[in-house]
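Encoded as structure tokens, the structure appears first; notes follow it.
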Amino acid sequence: MAKKSMIEREKKRERLVKQYASKRADLKEIINDQSRPMEERFKASLKLAELPRNSSATRLHNRCQLTGRPHAYYRKLKLSRIMLRELGSQGQIPGLVKSSW
Numbered sequence: 107m108a109k110k111s112m113i114e115r116e117k118k119r120e121r122l123v124k125q126y127a128s129k130r131a132d133l134k135e136i137i138n139d140q141s142r143p144m145e146e147r148f149k150a151s152l153k154l155a156e157l158p159r160n161s162s163a164t165r166l167h168n169r170c171q172l173t174g175r176p177h178a179y180y181r182k183l184k185l186s187r188i189m190l191r192e193l194g195s196q197g198q199i200p201g202l203v204k205s206s207w
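For any residue, its number in our numbering is found by taking its place in the sequence shown, counting from 1, and adding 106.
Okay, here's the thing in structure tokens:
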């Protein structure tokens, strides 16, 4: 049922993004600064490329906390639509009323 490996992988990515955020921001600032010499900007881009791939914020993906499903994700509950429906039917989500499922 649960894809724990994908959930763990996403948590690892979140840690890496947090860990390298300031370093990535500094390197991007150097790269985008047109007043700096071209060689310095090129070296900064090489250093940015050497950082772990998963330290980029664009690699993060919202996933269901129970199943790891990446689609039909409800941000407020951090659940996919399937788990929302299942837990709602069981009455485990406070304030969620079953309408006509």
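Note that CB positions come from ideal geometry on N, CA and C, so glycine has one too.
Identify, in the order they occur along the chain, each residue of the same chain with its Cβ nearer than 8 Å to the Cβ of residue i, setting aside the five sequence neighbours on each side.
i    : result
I113 : R169, Q171 and G174
I98  : With the chain covering only 107 through 207, there is no way to say anything about residue 98.
E215 : Outside the shown range of the chain (107 to 207) lies residue 215, about which nothing can therefore be said.
S180 : The sequence given here has Tyr at residue 180, not Ser. Counting only Cβ-Cβ distances below 8 Å, and skipping sequence neighbours, we find S186, R187 and L190.
Only counting the same chain, and skipping five residues up and downstream in sequence, which positions put a Cβ closer than 6 Å to that of residue i?
i    : result
L157 : Y126
Could you round the C-beta distance between residue i and residue j to whole angstroms and report it? I think they count as a contact, below 8 Å.
i    : j    : result
E120 : L166 : 6 Å
A163 : V123 : 5 Å
N160 : K118 : 7 Å
Let me confirm a value: residue i is counted as buried when at least 16 other C-beta atoms fall within 10 Å, else exposed. Which label applies?
i    : result
M189 : buried
S186 : buried
Looking only at its chain, what residues have a beta carbon closer than 7 Å to the beta carbon of residue i, apart from the 5 residues adjacent to it on each side?
i    : result
R142 : I136
Would the region 166-178 and the region 124-144 be scored as touching if the rule is three or more Cβ pairs under 8 Å?
no
Pairs of beta-carbons, one from the region 147-157 and one from the region 130-138, closer than 8 Å: are there three or more?
yes
Complete alpha helix (DSSP H) runs within the region 141-189 (minimum length 4 residues, chain order):
144-156
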